[in-house]
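Reading through the structure tokens given below for one structure.
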Amino acid sequence: MTAILKPSTDFLTSNKLLKYSWYFFEALVKSMAQYLIESGKVKLSRNQRFSASFYHSVETLVNMLMPHITQKYKENLDASRNANHSLALFIKRCFTFMDRGFVFKLINNYMNCFLPGDPKTLFEFKFEFLRVVCHHEHYVPLNLPMPFGKGRILRFQDLQMDYSLTEDFCRNHFLVGLLLREVSAALQEFREIRQIAIQVLKNLMVKHTFDDRYTTKSQQARLSTLYFPLFGLLQENVYRLDVKDSAPPSSQNHIREDSLVPNSMVNPQKPGSCIENALHKDVFGVISGTASPHSSTPNVSSVHHTGSRGSLISTDSANSLLDKSSDKTNSLEKKSQCVSMLGSSILRWDKLDREDIRNLLMCFLHILKSMSEEALFAYWNKATPSELMDFFTLIEICLHQFRYMGKRFISRAGILHARLQQLGTLENAHTITNMYSHTEADVNSQCLLEANVSTEVCLTVLDTLSTFIMGFKTQLASDLGHNPLMKKVFLVHLCFLQIPQSEVALKQVFTSLRTFIYKFPCTFFDGRADMCASLCYEILKCCNSKLSSIRSDAAHLLYFLMKSNFDYTGRRSFVRTHLQVVIAVSQLIADVIGIGSTRFQQSLSIVNNCANSDKSIKHTAFPSDVKDLTKRIRTVLMATEQMKEHENDPEMLVDLQYSLAKSYTSTPELRKTWLDSMARIHNKNGDLSEAAMCYVHVAALVAEYLWRKGMFRQGCSAFRVITPNIDEEAAMMEDVGMQDVHFSEEVLLELLEECTDGLWKAERYELIADIYRLIIPIYEERRDFEKLTHLYDTLHRAYTKVMEVMHTGKRLLGTYFRVAFFGQGFFEDEDGKEYIYKEPKFTPLSEISQRLLKLYSDKFGQENVKIIQDSGKVNPKDLDSKYAYIQVTHVTPYLDDKEVEDRKTDFEKSHNIRRFVFETPFTVSGKKQGGVEEQCKRRTVLTTTHCFPYVKKRIAVMYQHQTDLSPIEVAIDEMSSKVAELRQLCSASEVDMIRLQLKLQGSISVQVNAGPLAYARAFLDDSSAKKYPDNKVKQLKEVFRQFVDACGQALGVNEHLIKEDQQEYHDEMKANYRDMIRELSDIMHEQIG
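Offset between the sequence shown (1-based) and my numbering: plus 43.
Here you go:
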């Protein structure tokens, strides 16, 4: 065989040897067995059975065969695959006859022939080889060098258990160490390779579980120690498993993906990672999941990674692997070690497939279920805080991955899978998961399996949590139970209620939660109320369940929470739970979760009955307090029906929520709940300015509370510079609702940052500085220079944006419309009311008219709704009561002379505005339009109750003022507007030449019936001027002088800007200008211009 495998041999001959290698290896194994029996050496120790020369011959044969498999597989794939399988079987059988250290060396030599980044075929060879070798009947004793005796372990060496792939672990447990190391490396490869590796590991663990020799609990616990390093492996890849959140861990550091964040690359490096910052550019391709992790060899320093061959050598010789004096195989080992160092250190951040995740987590959960409590505590005690957090994150992911999706989902997935199969696109359908079939029997079977797995996972996690809480009660209870570890454990508990669970599992969950509340009352009833709030929200959702048993359990848990709170306060009150339950109900209504049903009412009745029948609190105020709470909940629920009715009417929905927010002036947290809900609605509908104002009001509310408690230097008045509407936050009343409020400076800082984000998205950059004036002194006092750097950088970018939008003039902060409703039978209380609606950016009149028409047509019926196009005053008596009428009129912000002077910029002219104007033409004769000498117009100024922008996008009109302009006053008004427009165009930093020329052309036309000259002929001619008041005539003459001056200035600007091809056009305008001056001079009897 050795001779045939030499490079000089004819390749056809060597290929035949590869193809039929199984025969030669079988003959070799049988010869070894026969030799041992005949010579009697079978009774000797393994290292004495064969001569050194025989060992050398076997090693030479294996070493010569290896390159034929790993390097020449492309020439004859089938022959190489056969040889790989035959070699695996041969080496597996060598364990029976030969020295096991020697066999390990053979395996190690073969593994060194494979490199990270190999083609898929070689990965298949490698894992097929490992699969066969690891299926040796004495695999367990080979990895655990200790005997199993009748149902018990004779030697138990659990004192030094490894939970990561350390050098010691790989030395002591060679085969499993090798397998786990290769699986770890495969996770950095592509999907097909990952699947092969994970499947080998999973199948091996399944084999152990059903092995008749290791059936007892203690034996399975001992077996599970072999796979403890899987914990570390999964923690390294935890963010690739979490399908809920696709962001890498570094992005969790208060960085949001919006325009406020600069476009810089975030390096997703785990804490404690030893990758240098200056990595090769291809490495970042690996991190983002866009390139192979082995396409280049970047500079990697101080990476602790020892191959599984470390189990064959001493610690000293492990260090000498890279010495120049190493043996001839070391060049290969160095290459392998170098690349495998890269593979283990640089982690991919692309998500794993759902099937891969489930298989890995199945292995993790099996270990968790099988391992002893001592081993579990040993792991938790050794783990760092970040590793503990990752452990609980893994548990949370398990709950999400194995949640029960229901029969309908499984049935749909099966049908979809079948269709894709018919279309021949099954390869692309791997994400749907090929385990779903579409026949009725298969679906039923699959549903049962999924339900059982989901319940088993749930119970395993509950057991683990129970064990952890039992051993770490002191750590969890530190800082009144408000520490990161407690929050993480609580979130896992909460996760049970947030995802679909079976009825059986939920019963156990409720029991565990009762124990949790009993053991840690301070977490829920002292300090910040966030955990109590989250728990109340989820329990109340369960109180609305379709299953009566779950409703009953949830209601009893809610009652237990209330009573525990009551007992915690020395049987005085349960203000904390009372308030949080009302807030949770409000949130559920705001999220339009239908909790107004009879099911929810039944749950409330159960709570009431519990309070009335509980003898231990019969003679206290508790039963009446519970009754008050349920009564208050029912009052809040009355808003549900109205909200459901208006869920497609954003303005009405926000109005309803605003009225609820207004009713909670004595309960800041409830007011905050409704303002937050309004912000969500505004963001959803693209009303970003209104969302930003909600954030500002919430921040002002918290600031006012802190100011009154002496915890902050300013109250809501500090926000008046942003919006005068903020004064309503000063209406906060000192009442029972103030007893359990846990706002702090930190909460305020978070809310102020949220305001900044909201204002940036709303393009109101000028206001960011006003928010930062409140934040900067806090960070200056704390000497937090990193935060200050970030703030000033944001300010710099905000002011840059201000200059940019002022320069381009492309920022539109909203369009306004007057909307009036008529029709008592339809609009009820809204009948006859007028509102100003603020629409985003530039919204045409037709668009809002169509939106309102569709909205109210859906409500009242298309045939019953009419839009009034006319902007004139409507007499309700003239309207048909059978119809709902909506009048929509475009309005513009109105500023008086002083405001025009004070408000210098476009932003100031469109921020904090509450007066709007529109004009309606009319004539004395009753017609709308007439000649210039008879054309009048009615100017209507509307004043709203609040300034725009506000927490609502529509504000009621408080009063209106009308002024009728006579024909000459119309002329003065129109001419003044033309003068102002021309001056504005000329004074712009970058003149808009097209607009300037169009305006000029319309101004200096000498046509008889059009343009400014028509006004001059009608009101300044000798025969006409006597009909009008002298002061008005003089005023019009003055406006015309200004007009001529403005036109002359505009012509000068145009002459300076035009090119040669427009000279003729300019000369024509100049001629028209001279003609206009000449005619005006004749009419006014004075030289003009």
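Beta carbons: idealized from backbone N, C-alpha and C, even for Gly.
Any non-hydrogen atom of the ligand FAD within 7 Å of residue i CB
| i | result |
| --- | --- |
| L855 | Ligands in the displayed structure: none, and consequently the ligand FAD is not present. |
Distance, residue j Cα to residue i Cα
| i | j | result |
| --- | --- | --- |
| N651 | D657 | 10 Å |
| R237 | Q231 | 8 Å |
| V146 | F138 | 7 Å |
| L631 | K584 | 8 Å |
| Y701 | K902 | 22 Å |
| L508 | F435 | 9 Å |
| V447 | Q541 | In the sequence on display, residue 447 carries Tyr and not Val. Going by the C-alpha atoms only, they are around 12 Å apart. |
| H740 | K705 | 12 Å |
| G1095 | N918 | 51 Å |
| H1109 | S1046 | 14 Å |
| D1118 | S968 | 35 Å |
| R905 | E871 | One point to set straight first is that residue 905 is Gln, not Arg, in the sequence displayed. Q905 and E871: Cα-Cα distance of roughly 18 Å. |
| I724 | K715 | 14 Å |
| Y937 | V984 | 7 Å |
| G974 | E1107 | 34 Å |
| E493 | F420 | 30 Å |
| R195 | R256 | Only weak support is given to the placement of R195: the predicted model assigns it a pLDDT of 44, under 50, and the value that follows is read from those uncertain coordinates. Whole-angstrom Cα-Cα distance: 11 Å. |
Cutoff 8 Å: residue i Cβ touching any chain C Cβ
| i | result |
| --- | --- |
| R214 | Considering every chain present, this structure includes no chain C. It has just one protein chain. |
Terminal residues of the alpha helix (DSSP H) in which residue i lies
| i | result |
| --- | --- |
| Q1044 | 1036-1046 |
| P1010 | 1010-1030 |
| M185 | A small fix is needed here, since residue 185 is Leu in this sequence, not Met. Looking at the DSSP string, the run of the alpha helix (DSSP H) that includes L185 is 182-186. |
| C156 | Note, C156: premise wrong, no alpha helix (DSSP H); not H, not E. |
| K844 | 828-851 |
| I879 | Counting along the chain, I879 falls outside any alpha helix (DSSP H), though it belongs to the beta strand (DSSP E) covering 877-882. |
| L516 | For the sequence presented, residue 516 should be read as Lys rather than Leu. It spans 516-520 - the alpha helix (DSSP H) in which K516 sits, taken as one unbroken run. |
| I911 | Unbroken run through I911 is the beta strand (DSSP E), 908-911; no alpha helix (DSSP H). |
| R224 | 217-229 |
| N1115 | 1106-1127 |
| S616 | Taken as a continuous stretch (DSSP letters only), S616 belongs to no alpha helix (DSSP H), as it is neither H nor E. |
Nonlocal neighbours in the same chain, by C-beta distance under 7 Å from residue i, ignoring five residues either side
| i | result |
| --- | --- |
| L408 | C441, V500, T503 |
| A1059 | F1083, L1123, I1126 |
| Y1071 | I1011, F1062 |
Limits of the beta strand (DSSP E) - the one that residue i falls within
| i | result |
| --- | --- |
| F445 | Neither: F445 is in no beta strand (DSSP E) and is coded neither H nor E. |
| A863 | 858-865 |
| H989 | 978-991 |
| V960 | 956-966 |
Residue i in three-state terms, based on DSSP
| i | result |
| --- | --- |
| Q930 | strand |
| R198 | Any reading at R198 needs caution, since the residue's pLDDT is 41, under 50, leaving its predicted position unreliable; the model's value is listed next. In this structure, R198 counts as coil in the three-state DSSP scheme. |
| H621 | helix |
| A264 | helix |
| V784 | coil |
| M681 | helix |
| P936 | strand |
| V1135 | Summary: the structure shown does not reach residue 1135, with the chain confined to residues 44 through 1132, and so no result is reported for it. |
| D1007 | strand |
| K584 | helix |
| I318 | Low per-residue confidence applies at I318: pLDDT is 30, beneath 50, and the placement is therefore not dependable enough to give any value. |
| E806 | coil |
Own chain residues within Cβ distance below 8 Å of residue i, not counting five before or after
| i | result |
| --- | --- |
| K1080 | L1063, M1127 |
| F26 | Residue 26 cannot be examined here, being either before or after the span of the chain that is shown, 44 to 1132. |
| I593 | E546, L549, C585 |
Cutoff 6 Å; reference residue i; Cβ partners in own chain excluding five residues on either side
| i | result |
| --- | --- |
| K804 | L731 |
| V1150 | Residue 1150 falls outside the range modelled here, since the chain spans only 44 to 1132, and no answer is possible. |
| A131 | F172, V175, V176 |
Taking contact to mean at least 3 C-beta pairs separated by less than 8 Å, is the segment 752-769 in contact with the segment 687-701? They do not touch, by the three-pair rule.
Could you tell me whether the segment 243-258 touches the segment 222-232, where touching means 3 or more Cβ pairs closer than 8 Å? yes
Assess contact between the segment 617-625 and the segment 672-686, defined as three or more Cβ pairs (one per stretch) separated by less than 8 Å. Is contact present? yes
Does the segment 874-886 come close enough to the segment 987-995 that 3 or more CB-CB pairs lie under 8 Å? Three or more Cβ pairs drawn from the segment 987-995 and the segment 874-886 lie within less than 8 Å of each other, which places the two stretches in contact.
Does the contact criterion of 3 or more C-beta pairs under 8 Å hold for the segment 1029-1041 versus the segment 939-954? no
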